[in-house]
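Some notes on the structure that comes next.
2 protein chains.
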Amino acid sequence: MTSSAADEKAQRYQIGEVAERTGVTQRTLRFYEEKGLLNPPERMEGGFRLYSQEDIQRIQYIRQLQQLLGFTLADIKEMVEAEELRQQIIATFRPDRELPARLERTDRIIDALTRQLEVVDDKVEHLQTMQEDLRAKLARMDVRKKELQASLTSQGAGGAAPEAKGKKK
Amino acid sequence: MTSSAADEKAQRYQIGEVAERTGVTQRTLRFYEEKGLLNPPERMEGGFRLYSQEDIQRIQYIRQLQQLLGFTLADIKEMVEAEELRQQIIATFRPDRELPARLERTDRIIDALTRQLEVVDDKVEHLQTMQEDLRAKLARMDVRKKELQASLTSQGAGGAAPEAKGKKK
DNA sequence: TCAAACTCTACCGTATACGTCAGGGACTGT
DNA sequence: ACAGTCCCTGACGTATACGGTAGAGTTTGA
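Residue numbers (this note's numbering), protein chains in the order written: chain A, -19 to 149; chain B, -19 to 149.
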């Protein structure tokens, strides 16, 4: 009854809990805020930060971009800004005024998403090549290992296992 | 006649050319050498570095690990060491002496390769999720865009295009 | 043999992305 | 109202991965 009924389920978390949940340090959270990657969260009376659920999601998004894609925080800043714009547009209950402006923003977001997708596609492609490479190498090493083991099993006798190349041409 | 006949085709490149070919700076090449990522190349009489074709491949391999996988140079050092060991083992004309030692080294390499593959697999998986995410978002934005364009096409007339939701539910 | 181009080592500088205090408040349960 | 815990803002420190420059030596073509 003290606050508006709509806020009732709006969970807020202090920085310590956010740090635990997301796996990033408090220092890093403040750092991201300082750098504009996170928009300033609410505060309690005394100044304690209060993060929302969306803030937490955004933090995880940032980490993904960083670790999976290897983007710099500067790159990421652009991306989260585009993402924010995207969410705003989606959430907007279509005022249907200023259509050209809305269209333009939509284009900007499509651009950003397209660029991200290109990077991801490229990375996936390269990684899959690498994956195959590694698998092939591993297979070869496994063969090698079995050959060695076979040689060992047939004991250290002088010329017990002279030929193991049954497949080579 | 001055050098052994076998060396005839062994191309060597000075640091400048290597830098151009690989796209990394001379400074970085020396840096990698200093850090043990590249083993010291040959030198000319006066001390100029002479890189081999394998050196160049290794440099490209390092860059891949760095940019695609986001490994630190420390990680990469381990990996290139394992890779080197692998090549040595593969290249060795099986002296068939000290089999246990060879088997152990083989195991070490298999370990390294397995770890790399795990990282790559993991990364590919996450990236594919991201890929689908981005594609879905893009699709939604495209729909949005077409809606907006439709609204525009039907001119800015007051209530010309009030309902565009023909697909929703 | 000489100049232009290239390379050498050594050392200091820089950008990124945080870590680590210090000194001082804020919040919570009892 | 007070201990214990949590959080605040600077300010300085650190690891990584190089960049830049100086001052000197090396190579190579004419």
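From the three backbone atoms N, C-alpha and C, an ideal C-beta is built for every residue, glycine too.
In this text, all values refer to a predicted model and were calculated from it rather than measured experimentally.
Query, Result
"Assigned exposure category for Gln37 (chain A) - 16 Cβ within 10 Å defines buried", "exposed"
"DSSP state of Glu150 (chain A) mapped onto helix, strand, coil", "Residue 150 (chain A) lies beyond the range of chain A shown here (-19 to 149); nothing can be said about it."
"Cβ neighbours of Tyr12 (chain A) in the same chain (closer than 6 Å, five flanking residues each side left out)", "Leu18"
"Run of the alpha helix (DSSP H) containing Glu34 (chain B), from where it starts to where it stops", "33 to 49"
"Members of the segment 20 to 48 of chain A that neighbour chain B once the beta carbon cut-off is set at 8 Å", "Gln44, Gln47, Leu48"
"Buried versus exposed, by CB contacts within 10 Å (16 or more), Phe51 (chain B)", "buried"
"Minimum C-alpha distance to Met110 (chain B) - residue among A:Thr94, A:Ser134, A:Met121", "A:Thr94"
"Closer than 8 Å to chain A by CB, Met110 (chain B)", "yes"
"Under the three-state DSSP convention, the category Gln67 (chain B) falls into", "helix"
"Cβ-Cβ distance between Val4 (chain B) and Ile56 (chain B) below 8 Å", "no"
"Partners in chain A for Leu53 (chain B), counting only beta-carbon separations shorter than 7 Å", "Chain A residues near Leu53 (chain B): none, gap ~14 Å exceeds 7 Å."
"Burial state of Arg10 (chain B), where buried means 16 or more other Cβ atoms lie within 10 Å", "exposed"
"Contacts that Val123 (chain B) makes with chain A (C-beta to C-beta distance below 9 Å)", "Per Cβ cutoff of 9 Å: no residues; Val123 (chain B) is ~10 Å from chain A at best."
"Boundaries of the alpha helix (DSSP H) in which Ser131 (chain B) is found, first to last residue", "79 to 133"
"DSSP state of Leu53 (chain B) mapped onto helix, strand, coil", "helix"
"Among B:Ser32, B:Thr8, B:Leu114, the one whose alpha carbon lies nearest that of Gln(-6) (chain B)", "B:Ser32"
"Touching by the beta-carbon criterion (3+ pairs, under 8 Å), the segment 116 to 126 of chain A and the segment 114 to 132 of chain B", "no"
"Residue range of the unbroken alpha helix (DSSP H) whose run includes Arg(-8) (chain A)", "From DSSP, Arg(-8) (chain A) is part of no alpha helix (DSSP H); its letter is neither H nor E."
"Top-ranked residue by Cα proximity to Thr72 (chain B), from A:Gln6, A:Glu(-3), A:Arg124", "A:Arg124"
"Nearest to Asp91 (chain B) (by Cα), restricted to the options B:Gly(-4), B:Met24, B:Glu22, B:Glu63", "B:Glu63"
"Proximity below 8 Å, CB of Leu53 (chain A) to CB of Lys103 (chain A)", "no"
"DSSP three-state assignment for Leu30 (chain A), whether helix, strand or coil", "strand"
"Buried/exposed call for Ile70 (chain B), threshold 16 Cβ in 10 Å", "exposed"
"Between the CA atoms of Arg82 (chain A) and Leu65 (chain A) - distance to the nearest angstrom", "11 Å"
"Neighbouring residues, chain B, relative to Ile90 (chain A) (Cβ below 8 Å)", "Leu118, Met121, Asp122, Lys125"
"Simplified DSSP assignment, three categories, for Glu61 (chain B)", "helix"
"CB of Ile42 (chain B) within 8 Å of CB of Met121 (chain A), strictly", "no"
"Beta-carbon proximity of Leu30 (chain B) to Arg1 (chain B), cut-off 8 Å", "no"
"Cβ separation of Leu107 (chain A) and Val60 (chain B), assumed to be a contact under 8 Å, to the nearest whole Å", "Incorrect: roughly 18 Å between the Cβ atoms, too far for contact."
"Rounded separation between Asp35 (chain B) and Gly16 (chain B) - CA only", "13 Å"
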